[in-house]
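In this text, residue positions in the sequence shown follow the numbering used here: the first is 13, and each later residue adds one.
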Amino acid sequence: MRERYRVERDKRLRVDGNDQYVEVVGAFERYTDDPYIESGIDRPPLDEEVDVVVIGGGFGGLQMGARLREAGVENLRIIEKGGDFGGTWYWNRYPGAQCDIESYVYLPLLEEVGYIPREKYSYAREILDYSQQIGRHYRLYDGALFQTEVTDMFWDDHQSRWIVETGRGDSLRARFVAMANGPLNRPKLPGIAGIGEFKGHSFHTSRWDYGYTGGGPDGNLDRLGDKRVAIIGTGASAIQCVPFLGEAAERLYVFQRTPSSVDVRGNRLTDPMWAAGLEPGWQKRRMENFNGLVSGVPQS
Numbered sequence: 013m014r015e016r017y018r019v020e021r022d023k024r025l026r027v028d029g030n031d032q033y034v035e036v037v038g039a040f041e042r043y044t045d046d047p048y049i050e051s052g053i054d055r056p057p058l059d060e061e062v063d064v065v066v067i068g069g070g071f072g073g074l075q076m077g078a079r080l081r082e083a084g085v086e087n088l089r090i091i092e093k094g095g096d097f098g099g100t101w102y103w104n105r106y107p108g109a110q111c112d113i114e115s116y117v118y119l120p121l122l123e124e125v126g127y128i129p130r131e132k133y134s135y136a137r138e139i140l141d142y143s144q145q146i147g148r149h150y151r152l153y154d155g156a157l158f159q160t161e162v163t164d165m166f167w168d169d170h171q172s173r174w175i176v177e178t179g180r181g182d183s184l185r186a187r188f189v190a191m192a193n194g195p196l197n198r199p200k201l202p203g204i205a206g207i208g209e210f211k212g213h214s215f216h217t218s219r220w221d222y223g224y225t226g227g228g229p230d231g232n233l234d235r236l237g238d239k240r241v242a243i244i245g246t247g248a249s250a251i252q253c254v255p256f257l258g259e260a261a262e263r264l265y266v267f268q269r270t271p272s273s274v275d276v277r278g279n280r281l282t283d284p285m286w287a288a289g290l291e292p293g294w295q296k297r298r299m300e301n302f303n304g305l306v307s308g309v310p311q312s
């Protein structure tokens, strides 16, 4: 058994590391386009001083903004490349997208916001909606700069300020900068020979093109009935969207290097009686218990 696992592990080890991927630049830049923006933001560049700049509008940036608000900090900006809060869950809206960590642990600030997840394992749509709810609860939209990407940041000794510049021509002077930019906002493409010459329609799961497939996050991909579809990879994203593709497409080809681990999902609706009986501090205790279990802390 150990030898079998060793063989599978060795298949995944790559001496070329991140060089195995194709950079999404030049002809591949279109894979980073935001398909969820109905209309682009048109605003003049900002030239202002703030107390804090937070880079990133995912859970890290939202929690930073929330705690700053709780501490009385009003003069802050959150810079986010996407069109709204959500981070990973803003970009990943493919059919069946779902979190594989218990929602009562994964979703932050549940007690502070007064929210109870609908299910043990939340789907992407609920997580995105909840991210926006955090933004409203803490008035983070007031200082948010969406569809904006940081291009430069440096410390100015003369002003004793961080200078944060963006692709929209903004120049912000900040006492503090919080880095909350995660690693999952930019797609990775496999370094497959000929990928640049493929003439068919293609997109990354984190930029799902419902205009082409039809349907939505719940499935019903009704424009694929006469299409031969291929999906490359069988990680968590593929495991979730393949059933919908297989149901809708005329034919589906799944290209797999090594198999993924799968198990019973065991999802269920949140018991309202259980939720009603939760005592203050419940989420922190649950998080600490979860972290202890996955870290191998001995249990009494």
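Ideal placement from N, C-alpha and C gives every residue a C-beta, glycine not left out.
Because the structure is a prediction, the values reported are computed rather than measured.
message: If you measure between the beta carbons of Asn316 and Thr225, is that distance less than 8 Å?
response: Lying before the first or after the last residue shown, residue 316 is absent from the chain, which here runs from 13 to 312.
field: Nearest-angstrom Cβ-Cβ length linking Tyr118 and Cys111, presumed shorter than 8 Å
entry: Confirmed, about 6 Å.
task: Check whether the Cβ atoms of Asp46 and Gly108 lie closer than 8 Å to each other.
output: No, the Cβ-Cβ distance between Asp46 and Gly108 is not below 8 Å.
query: Are Gly231 and Phe256 close, meaning C-beta to C-beta below 8 Å?
result: Yes. Within cutoff.
- request: Would you check if there are 3 or more beta carbon pairs closer than 8 Å linking the segment 77–97 to the segment 27–42?
  value: The segment 77–97 vs the segment 27–42: no contact.
task: Can you tell me which of the three DSSP states Trp220 falls into?
output: When secondary structure is reduced to three states using DSSP, Trp220 falls in the coil class, being assigned neither helix nor strand.
CA nearest to the CA of His213, picked from Val241, Ala186 and Lys200: In terms of Cα proximity to His213, the closest of Val241, Ala186 and Lys200 is Val241.
field: Residues near Thr44 in its chain [Cβ-Cβ closer than 8 Å; skip 5 each side]
entry: Val36, Arg198, Pro199 and Arg219, listed in sequence order.
message: Can you find the residues in the same chain that come closer than 8 Å, C-beta to C-beta, to Leu236, ignoring five residues on each side of it along the sequence?
response: Answer for Leu236: Thr225, Gly226, Leu257, Ala260, Ala261 and Glu262, listed in chain order.
message: Can you tell me which residues form a DSSP beta bridge with Arg185?
response: DSSP lists Glu61 and Ile175 as partners of Arg185.
field: Residue environment, Arg285, which counts as buried when at least 16 other CB atoms sit within 10 Å
entry: For the record, residue 285 in the displayed sequence is Met; it is not Arg. By the 10 Å Cβ count, Met285 comes out exposed.
message: Just to confirm the assignment, what range does the beta strand (DSSP E) spanning Lys264 have?
response: Going by the sequence as given, residue 264 is Leu instead of Lys. Its beta strand (DSSP E) spans residues Arg263 to Phe267.
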